[in-house]
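Report on one structure; see the data block that follows.
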Amino acid sequence: MSSDRAGGVQSIERAFDLLERMADAGGEIGLSELSAGSGLPLPTIHRLVRTLVDCGYVRQQPNRRYALGPRLIRLGEGASRLLGTWARPYLAELVEATGETANMALLDGDEVVYVAQAPSRHSMRMFTEVGRRVLPHSAGVGKALLAQLPPTEVRSLLARTGMPAATVKTITDPDVFLAELDRIRTLGYAIDDNEQEVGVRCLAVTVPDSPTAAAISVSGPAGRLTDTATEKIVPVLQDTARRLSAALTAQGT
-11 MSSDRAGGVQ SIERAFDLLE RMADAGGEIG LSELSAGSGL PLPTIHRLVR TLVDCGYVRQ
49 QPNRRYALGP RLIRLGEGAS RLLGTWARPY LAELVEATGE TANMALLDGD EVVYVAQAPS
109 RHSMRMFTEV GRRVLPHSAG VGKALLAQLP PTEVRSLLAR TGMPAATVKT ITDPDVFLAE
169 LDRIRTLGYA IDDNEQEVGV RCLAVTVPDS PTAAAISVSG PAGRLTDTAT EKIVPVLQDT
229 ARRLSAALTA QGT
């Protein structure tokens, strides 16, 4: 590889590293923070960031700090659609194994968005559908995803959303919800027990090492998703999540 090409590849790697550092910082960061975190000198950081600004992937804020730019939205939406496409065969296997509807969802800001679904053959109208957004505290996939975050981040999110009740069983107390997340981490899966939709239960797990935080779930009538059924479904759900994770990781090799 020529030195020019090697330098170009290095610049691309550094640019993506800076974008990820911005995302980890909540979407906005200063040049000095980027330099301290990346170990790169300020002139190099400034040159890379200016290029990203010119391309629309970063924008400079009035306070002189830098934020993720609007052009990334289109890339993110396209990647989310592809993630759903890759997941669909695994969701179909879940439906075959459990007989219930299978979903995949991502955490997008303060909301959960469903990006893929394989419907059950049973003629029951489900609340969830691709593209639907819900607040995470009332959904199994949302609980599973929030269980991966530090409690301080979860409290901040809950304060912003206000934790409105979708049903009489929705958890609306932050302390009770954080205790529920502790239980989820111990069990290895989350349950939405009539909390998003009356008469519907949902079992959910995260997809380990997913390129973006993702969870998959099985949803169905509470009368079918009993405790006995849960004991049988959860291992299948966890195995599917591991295999989906391996497939998503392979996509990037």
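If you're matching positions, the sequence shown starts at -11 in this note's numbering and goes up one per residue. Each residue gets a CB set at the ideal place from its N, CA and C atoms; glycine is no exception.
Sorted by chain position, which residues of the same chain lie with C-beta nearer than 6 Å to residue i's C-beta, five sequence neighbours on each side aside?
i	result
ILE33	LEU19, LEU22, SER23
ALA192	GLY128, VAL129, ALA132, ALA178, ALA203, SER205
LEU145	ASP98
LEU7	none
VAL224	ALA85
SER(-10)	Confidence is the limiting factor: at SER(-10) the pLDDT is only 42, short of 50, which leaves the residue's position unreliable and the question unanswerable from this model.
GLY176	none
ALA201	LEU95, LEU133
Taking 7 Å as the limit between beta carbons, can you name the residues of its chain near residue i, skipping five residues before and five after?
i	result
GLN48	VAL41, TYR54
ILE172	LYS131, ALA132, ALA135, ALA178
To the nearest angstrom, report how far apart residue i and residue j are at their CA atoms.
i	j	result
ALA238	VAL195	14 Å
GLU1	LEU30	17 Å
GLU219	ALA147	34 Å
SER108	GLU183	20 Å
ARG231	VAL101	22 Å
LEU63	PRO139	30 Å
GLY211	ARG189	9 Å
VAL(-3)	ARG35	15 Å
VAL222	ALA153	26 Å
TRP74	GLY25	33 Å
THR242	TYR78	Only positions -11 to 241 of the chain appear in the structure, and residue 242 is not among them; the question remains open.
Of all the options the options, which has the alpha carbon lying nearest to the alpha carbon of residue i?
i	options	result
LYS157	ASP181, THR149, ASP163	ASP181
VAL164	PRO58, VAL142, GLY27	VAL142
VAL94	VAL103, GLU88, THR39, GLY187	In the sequence on display, residue 94 carries Leu and not Val. For LEU94, the nearest C-alpha among the options comes from VAL103.
ALA106	LEU82, LEU28, THR155	LEU82
GLU16	GLU88, GLY57, HIS110, SER207	GLY57
Which class does residue i belong to by DSSP, given the choice of helix, strand or coil?
i	result
LEU28	coil
PRO209	strand
ALA135	coil
MET151	coil
GLN105	strand
ALA178	strand
ALA203	strand
GLU16	strand
VAL142	helix
ASP161	coil
GLU81	helix
GLU168	helix
ARG53	coil
MET(-11)	Residue placement at MET(-11) is flagged as unreliable, the pLDDT there being 41, under the threshold of 50; the coordinate-derived value follows with that caveat. Coil at MET(-11), not helix or strand.
GLU21	helix
VAL118	coil
LEU95	strand
Please return the same chain residues whose Cβ sits closer than 8 Å to the Cβ of residue i, not counting the five positions on each side in sequence.
i	result
ILE159	HIS125, SER126, MET151, PHE165, GLU168, GLU183
Q: Spell out a yes or no on whether the stretch 228 to 237 and the stretch 114 to 127 are touching, meaning 3 or more CB-CB pairs, one atom from each, closer than 8 Å.
A: no
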